[in-house]
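Going by the UniProt record's numbering, the sequence shown opens with residue 1, and the numbers climb by one from there. Heads up, the beta-carbon is just placed ideally off N, CA and C, and yes, glycines get one too. I have placed the structure first, in the form of structure tokens, so that the comments after it can refer back to it.
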Amino acid sequence: MFSHRGLTLIHAGQRLADNYPMVEATFAGAGRTIPNLGVTGDTAWAFGAIIAVGDLYTAHRGCDGSCAPGWAQRGQVHHLFRDVRLLTRPVPADGRLGLWTPEPHVLAAVEEAMPR
């Protein structure tokens with residue numbers, strides 16, 4: 001785990017995870033559906049882009065499966081965000097594993113796309 005807390009950009013990967021059908025089946029088996037966050041437009045299914053900013057206020061490991069039934073994976077680090085704000089448009093950016101600082105031009109584009 002890392003010690004960073006506070007304002008954090010949220011990046012969407014290049015594609016859906018290979019196990020997405022398993023995720024859907026897990027939700028269905030738990031009598032749940034993948035939540036519709038009410039997001040429409042370009043940001044709803046953006047890939048390879050920064051799509052939101054939020055307050056990363058804590059992280060934990062060692063969940064017994066009760067953290068988010070049907071979703072959280074045991075043994076993984078779970079990052080908890082609050083005050084998440086969707087950008088007005090996705091900002092294309094190459095992602096990386098772990099935390100990273102985007103290039104200055106990407107940060108400027110994120111600033112322009114922040115909701116007012």
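- A straight-line Cα-Cα distance of about 20 Å links A109 and G6.
- Note on geometry: alpha-carbon atoms of L9 and A25 lie some 29 Å from one another.
- Each residue's CA atom was taken as its position, placing Y57 and T101 some 18 Å apart.
- Annotation: the continuous alpha helix (DSSP H) that includes H105 extends over 104 to 113.
- The closest CA to that of V84, considering only L99, M114, A49, is found on M114.
- In the displayed model, G54 falls within a strand according to three-state DSSP.
- Around the beta carbon of V91, 16 or more other beta carbons sit within 10 angstroms, so the residue counts as buried.
- Leaving aside the five residues that flank H4 on each side, the residues in its chain whose CB is nearer than 7 Å to its CB run, in chain order, L56, L99.
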